[in-house]
Structures are given as structure tokens and as C-alpha cells.
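Beneath this line is the structure, given in C-alpha cells, with notes to follow.
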Amino acid sequence: MIAKSIRDMNRLIGLKPTRVKHEVQCKLKSGKLHVTSQRYKTKVARPGEEQMLKLNIRQSNGTTRTQTAQMLHLQGRLAKLSVSAPAHGFVQSVETVGRESPTSAEEHRTSIMLQALQRRFSLSINPFITSIWLPLKKTTWVTLPRNRLSSPVYFPSIRKLNVSQERAVGATLSIKNADRVVLIHGPPGTGKTTVIAATVTSLMASADKSCTLWLVAQSNVAVKNIAEKLASVNFFNFKIIVSKDYHFDWHEHQYEKIIPNVIRSDSFPEDLVHAERQLQGSRVMLCTLGMFSNIRLANILLLVPPQTVIFDEASQIEVGDYFPMLVQFQSTLQKLVFIGDDKQLAPYGSTDIPGLESIFEKSHLRKKAILLDIQYRMPVPIGDFISRNVYKGRLKSQHLISDLSCCHFVDVDNGVEESQGRSWTNAREVDVAVKIASQLTSKGKSYRIITPYDPQRSRLEQGLKDEGLRWEDRCFNVDSFQGTRIHCVSPQFAHLLAGNEDDYIVISLVRTHKLGFLNEMRRVNVMLTRCKKGMVICTNRRFIEGPGAKSLVGKLYGSLGHPVWIDGKDVLSDGVEPFA
Numbered sequence: 001m002i003a004k005s006i007r008d009m010n011r012l013i014g015l016k017p018t019r020v021k022h023e024v025q026c027k028l029k030s031g032k033l034h035v036t037s038q039r040y041k042t043k044v045a046r047p048g049e050e051q052m053l054k055l056n057i058r059q060s061n062g063t064t065r066t067q068t069a070q071m072l073h074l075q076g077r078l079a080k081l082s083v084s085a086p087a088h089g090f091v092q093s094v095e096t097v098g099r100e101s102p103t104s105a106e107e108h109r110t111s112i113m114l115q116a117l118q119r120r121f122s123l124s125i126n127p128f129i130t131s132i133w134l135p136l137k138k139t140t141w142v143t144l145p146r147n148r149l150s151s152p153v154y155f156p157s158i159r160k161l162n163v164s165q166e167r168a169v170g171a172t173l174s175i176k177n178a179d180r181v182v183l184i185h186g187p188p189g190t191g192k193t194t195v196i197a198a199t200v201t202s203l204m205a206s207a208d209k210s211c212t213l214w215l216v217a218q219s220n221v222a223v224k225n226i227a228e229k230l231a232s233v234n235f236f237n238f239k240i241i242v243s244k245d246y247h248f249d250w251h252e253h254q255y256e257k258i259i260p261n262v263i264r265s266d267s268f269p270e271d272l273v274h275a276e277r278q279l280q281g282s283r284v285m286l287c288t289l290g291m292f293s294n295i296r297l298a299n300i301l302l303l304v305p306p307q308t309v310i311f312d313e314a315s316q317i318e319v320g321d322y323f324p325m326l327v328q329f330q331s332t333l334q335k336l337v338f339i340g341d342d343k344q345l346a347p348y349g350s351t352d353i354p355g356l357e358s359i360f361e362k363s364h365l366r367k368k369a370i371l372l373d374i375q376y377r378m379p380v381p382i383g384d385f386i387s388r389n390v391y392k393g394r395l396k397s398q399h400l401i402s403d404l405s406c407c408h409f410v411d412v413d414n415g416v417e418e419s420q421g422r423s424w425t426n427a428r429e430v431d432v433a434v435k436i437a438s439q440l441t442s443k444g445k446s447y448r449i450i451t452p453y454d455p456q457r458s459r460l461e462q463g464l465k466d467e468g469l470r471w472e473d474r475c476f477n478v479d480s481f482q483g484t485r486i487h488c489v490s491p492q493f494a495h496l497l498a499g500n501e502d503d504y505i506v507i508s509l510v511r512t513h514k515l516g517f518l519n520e521m522r523r524v525n526v527m528l529t530r531c532k533k534g535m536v537i538c539t540n541r542r543f544i545e546g547p548g549a550k551s552l553v554g555k556l557y558g559s560l561g562h563p564v565w566i567d568g569k570d571v572l573s574d575g576v577e578p579f580a
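Residues in the sequence shown are numbered from 1 upward in steps of one, following my numbering.
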């Protein structure tokens, strides 16, 4: 158990990039280079011990030279750099070279494993650790306090819970030892945040006024979505903890609806009196898993010790990441709830590291998982297809749209996949997707564009800019939905699509010869399950009917039939609209 955890963590650290090109705008002011980051995923960050900033400068004679730079100041998007020589010429690019230092969460996990190896404490006496990693060992649970009672379900919402949701909420509220660790399997659109919200309102309405509840996810976006769900049912007695690096100058607008609930990491209380004023009696706390390792959180943790912890996106969290909090809060933890979907994105690094697990790969727990079995997001034809081909027919659809016209394929027959580094682009698909985006914009329809490859995402974004269309938060690669292990300079992650859904989804598949991404069922499942009203897939018909026929996308086409095809040339030249 310990050896595997250490090995997995070291291999994950080894996947961090050693060179990152930042998307920036540069200006020389008073002898200092002012660098303004344009995208959060490639933002300039303070270099770690093994990193340096390098500038590639094109000189007036046409040659290019490289020089190092020192960071003098960093605030939000703006970094001020001191260069080792006068920065004459045009700054072509700014790069960070070298692997970033371990995060506080990684250092915490390393410390826990080291102390366990030194036998300073035993992991095997922790009941939550034995129940997760040592199923053959008898788990001895600490008796719950007498005032801890089972709470009835209370959810003051217009939409009532369905049977599976009510069962899931009941399990999260149960005080039985058999329910100390609960897994909830939530396919796309089944109301995972609804279950979380119902648990919150039920616990806070119970007779036990001392119980605490922490709602945790790997990504800031998932945590924010939970907060917005709580606000939508008029529950505001919570606090959401946000990193300053994520919030300031980047995502402040995302928290406008819940400003009074936000505690930013640069305003953590220095003493218990300040903490009490900040918390205002809140017993419901929201944060990322990594935030638990911030030592400045100590005063908040003293006042709101974790008792029940609910993890969203749990199928994307590498199981070893739980060790630090399980050890740190062993004396107060009473219950763990894991919500996720092992048919969607796996933990970051799973493609490169065989045997990497989430909690859903623990078979003794997975077999007892409660399935949320009604999806409300996708139109019926898409939902039913996903149910048959991914969820063994167990997922039911409740949606007003049942017409096959909710899904179209656009044949971009002159599109060709082109390699770009280790990734792929398709210029013709960009043209068609941008045209469809223009049509949707003119109709006032809300949409997003998704593609498997980040260079294609960049091209799509540029295409929207060139057409004068809104481009911010419009284009995403599929891994953008994966809220795991987000390193500030990691190239695996684009912006995160708030809510992971939109009315209309435009997909650019890119590939025309080899399957590539389409071989990965879980990632394709994410891509095909984002729309609320309609989806259009830009691809090559010969490819879908040939090499791609047995892929999930090919099977979707086969289930809908030939009338779904539209000629890409008709879209570009005649203005044919998939959703007129």
C-alpha cells in the first residue's frame, strides 16, 4: 500500500512538463519587461528551485537569441521581469524551463508516507484507510457521539428528488457503520450536485447543531459549481475557500453570485477570534482537496473540524491523494462520501501510468455504489444511446427533446488531420466549426466548441477572434473537464467549462485517418454528453463510416442513420444551418 502510493506519486510528478510556453503580451517599461498572461493554463508563475524563465527575442537583423529573466513582481496576470541583457528586439516567446517544485499537497503526502515507513504511526489502525485499502482486515469504527442522529431528507427545491437521488441522500445521512464510506455513481446529467445540495440542507436542518460538512473536489470549478447549486436552493450558510492565485485577476467574475461566502487564501485568519468572525457560524465548508494541505487553514479547521466529507469528481482523484487528509483528520472524521463516474475521465496520468486508481477502482467499494439512474441533461436520442453503449442500459432519460434532429454530423470531406508536435489539428474543420458558431450566435443560441486536441482548440479560438465572435470561454479540449492535479503551468489543461454543459455543443473531431483519441471510451463519453438541446459533430464521413465506425462516435452515427449528415461545403457556401 505504502510502496504503491509512493511510486504512483513519483511517477505523477515525473509527468509534469519540463518546458512550458506562456501565452503572453509583452511591453518594455522603464527597463523592465512587463509580461501579461492571456490564459490561466499557461500563465507565468514564480519559477521553482529547478526552473528558469527564458525569452526568445527576434533581433533587427532577423536572428533570434535566447536570454534568461528574473521575476521581480507577480500579481494576477502581470509579471515584471528583469532581463539579463537589454531586451532589444521583439520578444517572440516567454518560456518556463524546468519542472515545477512539489505542491504543498505533494509534500504533505510525502511526509505522511515517510512517517509511516519510520513507524511513527500506523496507517492500518485508521478505520477509513483499512476500509479503502485493506478490505480483508476487520475495520473497527469509533463510536459516534450520542448527539449524532440520522437526519431525515429535507430538500426545499421545486424539482423533487427522484428515487435514486433520495436513496443516495439517505446513504449520505446514514450513521450506520456499513455506510461510513459511501460511493455514488453519477453518470452525466443525473444531478450529482443536487444530491450534494440535498445532503447539505438535510444535515443543517437536523437536530444536531454541532455537525460539520466539508464539500471537496479536485478543481476550483467543481467546488464553485457546488456553491452555486447551494445558492440556487437558497442555502447561503456556507463558506467557500479559494486560492488567491486562481481568484485574483482571473476568475473573480465567477464568484459574483456568492461574494459574501468567499474566503480567499490571502485573507486566512491569524487567530481564532478572526476565524469566528470570518465563518459567521457556518458549518458547511467548500474547498479543493489540495487546500487541506495549506497550513494557514489551521484556525478554520479548529472551528469547523471535518466530520462528514463529500468528494465530488472522485473518479478523477488518484486514490493516494486522500492519505494526507485521512491521517490529518483521523480524530474527527466520521463519514466519507465519494461521488463520481468511472465511465468518464480517469485520474490524470492514467494513460501513462498503468494501475493508477481512483476510489472507483476499489472493487469491494465499487460493487456497493449507488447509481443515479435518471439523466435530465441530454435530449432523449443522445441519452438513450449513451445508456445502451456506456451504462449497460441502466440510465433513463427525462427530457423534452426526443427528435433525432438534436444531433447532426457535418461532412468536412476536404479536411485533413495534420500533426502539430505530439498533437493534431484540422484547418478545414476550424472553418466549418467557426461558421456554425457564427450561425448560433446570430440566432442568440448559447454554445461551446469542444475538440480532443489543444492545438485545435487554439485554432478554433483564433478563428472566432478573426470573425469578431466572442471567443473567451468558448473553446475547450476534452481534458478541460478534468479537474485533477491542475499545475499552474501544465499543458494538459485548458480553461474549465463552468457546469460542464451548454445548450448547443459543436465538436471538431480532427482525425481523418487514425482513431487516436476516439479509442478512449471514457474521454469520448465526456465529449458526447455535454449538450442540453443539440450537438453537431464536424468530421469526415469516410472516416466515420470506415476506421471510426466501431468507435463510440461511429456507433452514435449508426444509431441515428443517414439523414443526420450535412455537407460542410453547404455550411460554408450556402449558409446551411444544423439548427435553423
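Ideal Cβ positions, reconstructed from N, Cα and C, are used throughout, including at glycine.
Looking at the backbone, the Cα of tyrosine 447 and that of glutamine 280 are separated by about 39 Å.
In the DSSP assignment, leucine 365 falls within the alpha helix (DSSP H) that extends over 363-366. With a cutoff of 7 Å on beta-carbon distance, cysteine 407 and isoleucine 436 are scored as not near each other. Look at the segment 67-151 and you find these whole runs of alpha helix (DSSP H), each 4 residues long or longer: 104-117 and 127-133. C-alpha of isoleucine 258 to C-alpha of phenylalanine 248: approximately 15 Å in a straight line. Straight across, the Cα-Cα distance linking valine 273 with serine 282 is about 14 Å. Counting C-beta pairs closer than 8 Å gives fewer than three between the segment 358-371 and the segment 9-22, which falls short of the contact rule.
Counting every other CB atom within 10 Å of its CB across the protein chains shown gives alanine 3 a total below 16, marking it as exposed. The beta carbon of leucine 333 is closer than 8 Å to those of Phe128, Pro306, Gln307, Val309 and Leu326 in its chain, skipping five residues each way along the sequence.
The beta carbon of glycine 189 sits closer than 8 Å to those of Gln375, Tyr376, Arg377, Met378, Gly383, Glu501 and Thr529, all from its chain and outside the five residues before and after it, given in chain order. DSSP, reduced to helix, strand and coil, places aspartate 454 within a helical segment of the structure shown.
Assignment of alpha helix (DSSP H) within the segment 317-370, counting only whole runs of 4 or more residues, yields 323-328 and 363-366 in chain order. The closest CA to that of valine 94, considering only Gln462, Asp266, Pro47 and His562, is found on Pro47.
7 Å or more divides the Cβ of phenylalanine 409 from the Cβ of tyrosine 246. For asparagine 540, there is no enclosing beta strand (DSSP E), as DSSP marks it with neither H nor E.
Sequence-distant Cβ neighbours of phenylalanine 543 in its own chain, meaning closer than 6 Å and more than five residues away, are Thr512.
Alanine 198 places its beta carbon 7 Å or farther from that of phenylalanine 238. DSSP places leucine 12 inside the alpha helix (DSSP H), whose first and last residues are 2-14. Segment contact: the segment 309-320 against the segment 210-229, three or more CB-CB distances shorter than 8 Å; contact assigned.
Between proline 324 and serine 293, the C-beta gap is smaller than 7 Å, which places the two residues in contact. Between the alpha carbons of lysine 32 and lysine 465 lies a gap of roughly 30 Å.
Counting only residues of its own chain and dropping the five nearest sequence neighbours on each side, asparagine 126 has a CB closer than 8 Å to the CB of Leu326, Val327 and Gln330. Cβ-Cβ distances below 6 Å link alanine 105 to Gly290 and Ser293 in the same chain, with the five nearest sequence neighbours on each side left out; the list follows chain order. In this structure, the CA atom of arginine 428 is about 13 Å from the CA atom of serine 573.
By the Cβ neighbour-count rule, lysine 550 is exposed, with fewer than 16 other Cβ atoms within 10 Å of its own. In the same chain as lysine 80, and ignoring 5 residues on each side of it, the C-beta atoms closer than 8 Å to its own belong to Lys32, Leu33, His34, Val35, Met71, Leu72, His73 and Leu74, in chain order. Lysine 176 sits exposed, since fewer than 16 C-beta atoms from the chains shown fall within 10 Å of its C-beta. Separation of the CB atoms of serine 174 and serine 150 is rounded to 6 Å, and the pair is thereby assigned contact status at 8 Å. With a 10 Å radius around the Cβ and a threshold of 16 neighbouring Cβ atoms, glutamine 51 comes out buried. For valine 83, the CB contacts under 7 Å within the same chain, skipping 5 residues up- and downstream, are Leu33, Leu55, Gln67 and Ala69 in chain order. Under the DSSP assignment, lysine 21 falls in the beta strand (DSSP E) whose first and last residues are 19-22. Fully enclosed alpha helix (DSSP H) runs of no fewer than 4 residues occupy 272-279 of the segment 232-294, in order along the chain. As a beta-bridge residue in DSSP terms, aspartate 502 pairs with Cys531. Of all alpha-carbon atoms in Val564, Ile196 and Glu577, the one lying nearest the alpha-carbon of serine 442 is that of Glu577.
In the displayed model, glutamine 439 falls within a helix according to three-state DSSP.
Residue pairing by DSSP places glutamine 375 opposite Ser397 in a beta bridge.
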